[in-house]
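Here the protein sequences line up with chains A and B, keeping their order. Anchor point for the first sequence: position 115 equals 116 in this note's numbering, and the numbering is continuous, going up by one each time. Anchor point for the second sequence: position 159 equals 450 in this note's numbering, and the numbering is continuous, going up by one each time. Where a beta carbon is used, it is the ideal one built from N, C-alpha and C, also for glycine.
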Amino acid sequence: MSWITNFVRPKIKALITTKDVPDNLWAKCPGCEAMLHHAEMVKNQNVCQHCDHHMRLPIEERLKLLFDEGQYKLVELAKTTTDPLKFRDRKKYTDRLKDAQSATKRKDTIVVAEGTIGGKNAVIAGFDFKFMGGSMGAAVGDGLVTAARLAVGNKAAFIVIPASGGARMQEGMISLMQMPRSVIAVELVKEAKLPYIVLLTDPTTGGVSASFAMLGDVHIAEPGAQIGFAGRRVIQETIRASLPDGFQTAEYLLDHGMVDMVVHRNDLHQTFAKLLRLLMNTKKDKAA
Amino acid sequence: MAYHLEFEKPIVELEAKIVELKNVSGSGVNISDEIARIQEKADKILVQTYAKLSADQKVQVARHPNRPHFSDYIKRLVQDFTPLAGDRLFGEDCALMGGLGRFRGQSCVIIGQEKGNDTESRIKHNFGMTRPEGYRKAQRLMQMAHQFSLPVISLVDTAGAYPGIEAEERGQSEAIAKSIETCLRIETPMVSTVIGEGGSGGAIAIAAADRVLMLEHAIYSVISPEGCASILWRSADFAKDAARALKITAQDLLALGIIDEIIEEPMGGAHRAPEATVDVVGDHIEKVLGDLRGIDGPTLKTRRRQKFLEMGHKV
C-alpha cells in the first residue's frame, strides 16, 4: 500500500463519484412517469404521490417507519463475510465485497434492529438490496440466526424484510446451505411461540423466497413487489411462451393464496402494530 | 443405448477397435495379444482420465443419461416397494417419486427425483424437475416416516425445481421452504444421497438430512454452471469457468464440510457399471442407517439442526 493507493486514489474517487443526495432533484416515477421531486419522495416514503407506485426504500427508512416513534437500536453483528471458495469471475468476490462495503457502509446486506411496535417487543432483520442485490451468503444466515435468538431471548416478535435476488453465487454451496440455516432460525422463534412475520418487498426471489421468506405466520407484501421462485427470463426460456400480466407481483401472489395481504407503505406500521397486539395478547391488555 | 461423452472419445475408439478385432479373429496369428494390448491401453487411459476429471467433465458425467436413476436404485435395493402418489392438495408429480419399501430388511420411506431414460419417460417425469406438488408429496411422506418412526432415504437427482407459470402460481417457493422445514423437523433418521445432479433449491428441499452422501462424480450446486456463467460472466460460454469456480464436486464439498461422505464409483463412472454403483450406494446407506439407529428422535433432530447451524464455520 502506498501513499497513492491510500490517500490520493480515495480523494480522486470522492471527487468523481456521486453523493447520496442526488444533484438531480427530480426523478421519474417508473409507474406513471410523473416527475417527482426528491424532497417529496422522501416525505412520501418513496411512494409516488400520483399513482402510488412503491419504489424501493432504504432499510434505515423502513426501520424508522416500522418501529414505534421511529426509535430502534441496531444490533452489532459479528463479521462473518469471508470468501470460502476464493471465488473469482470477471472480478474477485473479495473486490465485489469491498466495493459493496464502501458503497453501503456496512459489512453485508443484512441489518438487525430491536425496538417496539405497537408497544410489543420486536426484532427486525432487513436486507439492503444495494449490497450485492441483497444476496444471501453466510452473513445473512448468521444475521438471521442472531436475530432469531435475540427475539427468543427478548420474547419479541421476529420480523424479516427480504429484498433479495436469492443466493449469493460467489459463496457457492455455502450460500445454498443458508436455506436450511435460515429455516432453523425461524424454527427457534416458532418453538418459542412468538410471532414470525415476513414483509415481502421488491424483490424477493430464488433461494430467499424458497426458505425463510415463505414460512411466516403472516405474510405481508408491498404493492407491486416482485415475489417468486424462478426468474422471469428462466421461465420464459423454459416454457417458450410469454408470461401473464402482473406475473409474480404481490397482487398475483395474493390472488394465488401465497400472501395474507398487500399493504400500502403508509399503513405498514399500523398493520404490524395491530397484528402484534393480537398475536401477543396478554391478559393485561385484553381490554385494549 | 450407448451415449458417449466428448472427452471419452479416445477410450471409446479403442474399445471399438477391440470389438472390430474380435469380429475378424481367426485369421491373424497374434490377434489376442493385440486385443490385450489395446485393452490395456484403453484401461490405462480410462484410469488416467477419471483420476483427474475437471469440474466441467464431472458435470457431464453427472448428467450422463446412462447413469442409474431413482428407479434403478429402487429395483435393486428395495423390496416390496409401494409407490405412494399425490400431495392431497392438487395433483401427482412424477418428477419426484416416493413410497414405502424394505431396504436391506428395514421398512423405510424412500423419496427422490426421477429423470426418466427415454423420451416418453422423461416427459412423464418432467426430466426430474419437480413441481410444488412433488415437494408437497415429499413433505407428506417425510411426515409419514416421522409418524411411523421409519428412516427416510432420499436420492437427489435434479437439474433444479421446475421453472414454470403453474409452478409459481401454486407456490414453488413455499413448497420448497416447507419441504426443508419438514426435513429439519422429523424425529427419525434421514440419509440423503446425491446420485447425479444436485440442483440448488430443488435438491436441498429433500437433502437437509442427518447425513448427506455424494457419489464420486456427482455435482451439487447453488446454480447451474451455465446459469452462473450467463449472470456473472455475461455469457453461458464460460460455463467451464463457472463450474470450476463454484466448487460443485463431491471432493470440494467434502472439504468444505457441506457433505459427509463420498461414495466411490466404479472405474469410468456410474454409467459404465450401473448395477455395481447401485450396490455400493446401498452399502453406504445401510452403514449410515446403522450408525443412526439407536439415537432417539429428538436427539437426531437437535444434532441435525446443529450440523447445519455450524456449517461453513469450521473452516
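The three-state reading of DSSP puts residue 137/A in strand, counting E and B together. Restricting attention to 263/A, 278/A, 129/A, 238/A, the CA atom closest to the CA of residue 226/A is found in 263/A. Our two residues, residue 178/A and residue 154/A, have alpha carbons roughly 25 Å apart in a direct line. Ranked by Cα distance from residue 129/A, the options 243/A, 63/A, 265/A are led by 63/A. Under the three-state reduction of DSSP output, residue 89/A falls in the strand class. Per DSSP, reduced to three states, the secondary structure at residue 552/B is strand.
Under DSSP, residue 488/B takes part in a beta bridge, and its partners are 510/B. The three-state reading of DSSP puts residue 56/A in coil, since its state is none of H, G, I, E or B. Taking C-alpha positions only, residue 200/A is separated from residue 296/B by approximately 48 Å. For residue 393/B, there is no enclosing alpha helix (DSSP H); the enclosing beta strand (DSSP E) has its first and last residue at 387 to 394. In this chain, residue 194/A is not harboured by any beta strand (DSSP E), its DSSP state being neither H nor E. At a beta-carbon threshold of 7 Å, none of the residues of chain A lie near residue 490/B; the nearest stands roughly 10 Å away. Listed as beta-bridge partners of residue 401/B by DSSP are 390/B, 444/B.
With a cutoff of 9 Å on beta-carbon distance, residue 603/B and residue 236/A are scored as not near each other. Within 10 angstroms of the beta-carbon of residue 338/B lie fewer than 16 other beta-carbons, which makes it exposed. Three or more Cβ pairs closer than 8 Å define a contact, and the region 480 to 499 of chain B meets that threshold against the region 427 to 445 of chain B.
What residue 139/A touches in chain B, judged by beta-carbon distance under 7 Å, is 603, going in chain order. Here the alpha carbon of residue 138/A sits roughly 25 Å from the alpha carbon of residue 553/B.
Pairing residue 506/B with residue 572/B gives a Cβ-Cβ distance under 9 Å. If you draw a 10 Å sphere on the C-beta of residue 87/A, you find fewer than 16 other C-beta atoms in it, and that means exposed.
Close to residue 462/B, with beta-carbon spacing below 8 Å, are these residues of chain A in chain order: 215, 257, 258, 259.
Among the residues facing chain B, residue 244/A is included, as its CB has a counterpart in that chain under 9 Å away.
When DSSP reads this structure, residue 502/B sits in a beta bridge with 482/B. Nearest in C-alpha terms to residue 157/A, of all of 278/A, 30/A, 32/A, 35/A, is 278/A.
The Cβ-Cβ distance between residue 489/B and residue 540/B does not fall below 9 Å. For residue 108/A, there is no enclosing alpha helix (DSSP H), as DSSP gives it neither H nor E.
Each of 584/B, 503/B, 486/B, 531/B was checked against the Cα of residue 556/B, and the nearest Cα belongs to 486/B. Beta-carbon to beta-carbon, residue 266/A and residue 46/A are separated by about 5 Å, close enough to satisfy the 8 Å threshold.
Per DSSP, reduced to three states, the secondary structure at residue 121/A is strand.
In this structure, the straight-line span from the alpha carbon of residue 534/B to that of residue 58/A is close to 35 Å.
In this structure, residue 31/A sits near residue 54/A, with a CB-CB distance shorter than 9 Å. The Cβ neighbour count for residue 380/B, taken over all protein chains shown within 10 Å, is under 16; the residue is labelled exposed. Among the residues of chain A, those whose CB is under 7 Å from the CB of residue 513/B are 168, 170, 173, 174, 176, 177, following chain order. Proximity of chain A to residue 418/B at the Cβ level (cut-off 9 Å) is not reached, the minimal Cβ distance being about 10 Å. Each residue's CA atom was taken as its position, placing residue 582/B and residue 465/B some 33 Å apart.
When C-beta atoms of the region 510 to 526 of chain B are compared with those of the region 165 to 173 of chain A, three or more pairs fall below 8 Å, so the two segments count as touching.
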